[in-house]
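Numbering (the working numbering), first residue to last: 8 to 659.
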């Protein structure tokens, strides 16, 4: 027993000695790493300064060459474009030289001499242009040859010499930096070995920490339920098990995967009327009630906002109806929070995974069914595996649409205002189609627009929508109001070679200036055929038409194409905007998009503004325009006209 104690004490002493040694080694390695990082920072800073000098001289040389080329070209063609651009390029060259003098602190006298020499050419340049305007080409040529060209050549020679000098310095410093990096590499290698030893010693702690982090990453922080990521992972595993059973039918079947998507009806009113704190507390109660309403083996998660999902595994897919009934019955009992009674109902959509379907597909099917249940107040809706009923309804709807387009008065436009966030003024409107069926009544655009987009009827519909929008814009102009009208354009219309010409004809026919019309296209429309789309947008831009990318952030547009597009406006999709006042990640995404748009010279519009905190948050990050139900719903043209008589729409 005594020997064990001695061994324990010895082991403990050895452990402490090793820990102390490791602490000393790590401190030394850390000091070395800090010193090396400082040295690298100094080298990088020097290299960056040299690179800035070189770039400044290179830009100056380029602009001096361009200026000289324009001088010579304007002599050949005094009324040409080169003569018109000459003064602008001269100013750019002067700015570049002044920037060169600012960044190059090694030889201020030389750079000041270059700047002053070029500045002194301005009177000669004005005299040269005056001679061109008088058609005194002989005097202009003499002035160019005897005065301007020698001075410009001297400037160019000095700039190139200095650029060569800076390039040589840059090469020397770069070589020094590489040597320093090599030494740092060896030191870092030793630090890595020591760090590896530390990691081995603390493996258990690391594993525990990793498990905790993974749990946090898969958990919704508000309700404590699994989040969207965890639900997707669990559903993916279930689908893999289903696929494995199909390949090996003799093995026990765990039950087919069925997904329920649950949405709270009226939750937005709770946030608006009772505040977000009550809303958050309510969501935690909803999560617990959902868990209490399902079976022990069912998997409940919060997807985001007021949307939840449940994964069911059962041999009979009809279990979805059974669980949905439990859920709707459970919400018959109101919630009591801080002596406040809140009544909520739920809309549930169900989808059972079919062969080959992935997680996004099953979720989308369940969400589609939930949306139908919510819109039609059904409580529950299962996504139909067969499309026979949908196909028949689609054919019937297509026939009704054709007759509606022939009638010309069933499909009308409502207009949703775009509000200047800073001033609260009306900045424009977006035209949105509304269809009143003679027997079925109002039909949602979400039902008939996709049907139109799948056929050539979309061209007739687009023509009618543009005609109505431009006619209304003309009416507002006659009343003395300039209200830009934006119209959504489908992929088919955008890629139609005759579309820009038809827009031009409508502008002439209605007498509306091009800048009073906006064309809204999605990232998907552009990226489906970038070359054709970009050409069409450029042709529209020559008409003065404003170009806007709608639902930005939901597609997959390349930054390169975004830079090449002739855009005026960027519209941030509502999915990023709705939770930005409470979701720090969404706020960061929206803020970065606003900054990107402004850096590209674009107006940025936020869609889906549904509450005052979101509008305030958009104002704080500098967003330009806002659009959403909190500000104004889509309304007929006469309602817009009445608002025009007011000085401004107050921004809440």
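The beta carbon of each residue, even a glycine, is placed where N, CA and C say it ideally should be.
- Boundaries of the alpha helix (DSSP H) around residue 129: 115 to 140.
- By alpha-carbon distance to residue 498, the top candidate from 469, 521 and 490 is 469.
- In the DSSP assignment, residue 452 falls within the unbroken alpha helix (DSSP H) covering 452 to 460.
- Here residue 225 is not near residue 242, since their CB atoms are 7 Å or more apart.
- The alpha-carbon separation between residue 482 and residue 517 amounts to approximately 10 Å.
- In this structure residue 553 is not in contact with residue 643, their Cβ atoms being roughly 23 Å apart against a cut-off of 8 Å.
- If you check the CB distance, residue 356 and residue 268 come in under 7 Å.
- Contact between residue 107 and residue 69 is ruled out by a C-beta separation of about 12 Å, above the 8 Å threshold.
- For a cut-off of 8 Å, the C-beta gap from residue 390 to residue 375 is around 6 Å, short enough to register as a contact.
- Counting C-beta pairs with one atom in each stretch, the stretch 135 to 142 and the stretch 73 to 85 have three or more that are closer than 8 Å, which means they touch.
- Taken in chain order, the complete beta strand (DSSP E) segments of 3 or more residues contained in the stretch 63 to 113 number zero; there are none.
- If only uninterrupted alpha helix (DSSP H) runs of at least 4 residues are considered, those enclosed by the stretch 462 to 550 are 464 to 485, 498 to 501, 506 to 517, 530 to 535 and 537 to 549.
- Comparing C-alpha distances from residue 123 to each of 139, 104 and 112 shows the shortest one belongs to 104.
- A direct Cα-Cα distance of roughly 27 Å separates residue 120 from residue 90.
- For residue 295, there is no enclosing beta strand (DSSP E); the residue is part of the alpha helix (DSSP H) that begins and ends at 283 to 300.
- In the structure shown, residue 420 adopts extended strand secondary structure according to DSSP, grouped into three states.
- Within a 10 Å sphere around the beta-carbon of residue 150 sit 16 or more other beta-carbons, which makes this residue buried.
- Annotated as distal: residue 338 and residue 318, with beta-carbon spacing of 7 Å or more.
- Given a length threshold of 4 residues, each whole run of the alpha helix (DSSP H) inside the stretch 619 to 644 is given here in chain order: 619 to 627.
- In the structure shown, residue 317 falls within a strand segment according to DSSP collapsed to helix, strand and coil.
- Put simply, the backbone Cα of residue 360 is about 20 Å away from that of residue 302.
- In this structure, the alpha-carbon of residue 284 lies about 13 Å from that of residue 276.
- Contact between the stretch 420 to 430 and the stretch 451 to 469 is absent, with fewer than three C-beta pairs closer than 8 Å.
- In the three-state reduction of the DSSP assignment, residue 152 falls in the helix class.
- Scanning its chain for C-beta atoms nearer than 8 Å, with the 5 sequence neighbours on each side dropped, one finds around residue 140 the residues 85, in chain order.
- When C-alpha distances from residue 264 are compared across 547, 239 and 494, the shortest belongs to 239.
- Less than 7 Å divides the Cβ of residue 354 from the Cβ of residue 377.
- A Cβ-Cβ distance of about 35 Å is found for the pair residue 588 and residue 537, leaving them out of contact under the 8 Å criterion.
- Around the beta carbon of residue 278, 16 or more other beta carbons lie within 10 angstroms, which makes this residue buried.
- Contact annotation: residue 525 and residue 493 have beta-carbon atoms nearer than 7 Å.
- When secondary structure is reduced to three states using DSSP, residue 369 falls in the helix class.
- The residue from 306, 311, 314 and 315 with its alpha-carbon nearest to that of residue 321 is 306.
- About 6 Å separates the beta carbons of residue 632 and residue 427, which is inside the 8 Å limit, making them a contact pair.
- Distance from the CA atom of residue 507 to the CA atom of residue 179, rounded to whole angstroms, is 56 Å.
- Residue environment: residue 594 is assigned as buried (16 or more neighbouring CB atoms within 10 Å of its CB, all protein chains considered).
- Straight-line spacing of the CA atoms in residue 295 and residue 223 works out to 18 Å.
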